[in-house]
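Enquirer: Throughout, the working numbering is defined as the position within the sequence shown, counted from one, plus 7.
Below is the structure I would like to discuss, written out as structure tokens.
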Amino acid sequence: MLFNTRRLIRIQERLARRVVIEDRIPEEINTIAGVDQAFINDDILSCMVLLEYPDMNIIETKISRIGVEFPYIPGFLAFREAPAILSVYRKLEKKPDILLVDGHGIAHPRGIGIASHVGVLLNKATIGVAKKVLVGNYEIPENIGEHKNLIYNGKVVGFVFKSRYRCNPIFISPGHNISLQTSLKITKKCIKNHKLPEPIFLAHRIVNEYRNNF
């Protein structure tokens with residue numbers, strides 16, 4: 008199946024102009040959600056876990072399964088996975104104040120990673136948390152709890168954060184309706200006993216358990 012990448016880039020550029028990197032969130036954050044995906048044959052599973060913030064107690068968990076209609080192309084992940092995220096988000100009985108997405112926010116060649124893409128479509132505050140860098144230059148933080156700036160085209164687009172000893176750092180970037188500093192602060196508060204923030208860690212674990220039961 009062929010895809011017109013120029014058309015996809017134009018879509019991304021239009022969405023990128025709608026991204027807001029300032030705090031448009033409640034003064035008191037009470038709930039936060041994490042989302043992650045897994046694949047079964049030609050289907051994509053998306054799991055969203057809603058938790059209390061900052062205690063990280065699970066409120067509800069939802070899973071959605073839909074067909075995959077787009078291949079994996081770096082820089083265009085949202086076209087492959089965002090439909091499943093939107094599907095599972097609609098299943099939540101209670102919507103989160105902030106959504107953490109496994110992927111990048113504005114730390115993207117066109118400033119519209121999957122966290123930003125989903126945030127704009129939902130008009131929801133989102134944060135991207137990724138295990139690998141997509142764009143930018145950075146220094147590697149040495150100590151647990153330390154962060155360094157992720158710089159792309161002369162601008163800070165996120166942070167490189169060391170969450171665990173003997174683990175590679177994670178890459179945090181604001182998605183939509185949230186500032187750089189708040190995205191870092193919120194993500195750090197969500198990290199408990201694992202490399203990834205608890206909402207994404209739980210979504211990852213649950214969606215893979217669900218897949219493995221088939």
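Even glycine gets a Cβ: it sits at the ideal position worked out from N, Cα and C.
Fair warning: this is a prediction, and the values are worked out from it, not measured in the lab.
Candidates Gln19, Ser180, Tyr159 and Asn160: which alpha carbon is nearest phenylalanine 168's?
Expert: Position 161 of the sequence shown holds residue 168. The residue with the shortest Cα to Cα distance from phenylalanine 168 is Ser180.
Enquirer: Within the same chain, show all residues whose beta-carbon is closer than 8 Å to that of isoleucine 151, passing over the 5 residues directly before and after it, in chain order.
Expert: By one-based count along the sequence shown, residue 151 stands at place 144. Once the five neighbours on either side are set aside, the close Cβ partners of isoleucine 151 are Lys169, Ser170, Arg171 and Tyr172.
Enquirer: Taking the C-alpha atoms as reference points, what is the distance between proline 176 and isoleucine 147?
Expert: Here residue 176 corresponds to residue number 169 of the sequence shown, with the count starting at 1. Here residue 147 corresponds to residue number 140 of the sequence shown, with the count starting at 1. Cα-Cα distance, rounded: 8 Å.
Enquirer: Kindly list the residues whose CB is nearer than 7 Å to the CB of tyrosine 96, restricted to its own chain and excluding five residues on each side of it in sequence; keep chain order.
Expert: Along the sequence shown, one-based indexing puts residue 96 at 89. Met55 and Leu129.
Enquirer: Measuring CB atoms only, is the stretch 191-209 touching the stretch 38-55, in the sense that at least three cross pairs come out at less than 8 Å?
Expert: The stretch 191-209, when compared against the stretch 38-55, does touch it at the 8 Å Cβ threshold.
Enquirer: Quick one: what does DSSP say lysine 229 is sitting in, helix, strand or coil?
Expert: Within the shown structure, residues of the chain are numbered from 8 to 221, placing residue 229 beyond reach of any answer.
Enquirer: Considering alanine 132, what are the terminal residues of the alpha helix (DSSP H) in which it resides?
Expert: Here residue 132 is taken as the residue at index 125 of the sequence shown, counted from 1. Careful: alanine 132 lies outside any alpha helix (DSSP H) and carries neither H nor E.
Enquirer: Would you mind sorting glycine 118 into buried or exposed? The rule is 16 or more other CB atoms within 10 Å of its CB.
Expert: As a working note, residue 118 is residue 111 in the sequence shown. Buried, because 16 or more other Cβ atoms sit within 10 Å of the Cβ of glycine 118.
Enquirer: Between which residues of its own chain and leucine 106 is the CB-CB distance below 6 Å, once the five residues before and five after are set aside?
Expert: By one-based count along the sequence shown, residue 106 stands at place 99. Once the five neighbours on either side are set aside, the close Cβ partners of leucine 106 are Ala40, Lys131 and Thr133.
Enquirer: Could you pull out every unbroken beta strand (DSSP E) segment of at least 3 residues lying fully inside the stretch 99-123, listed in chain order?
Expert: Listed in chain order, the complete beta strand (DSSP E) runs (minimum 3 residues) inside the stretch 99-123 are 105-109.
Enquirer: Let me know the secondary structure DSSP gives leucine 157 once reduced to three states.
Expert: The residue labelled residue 157 in the question sits at position 150 within the sequence shown. Of the three classes helix, strand and coil, the one that applies to leucine 157 here is strand, per DSSP.
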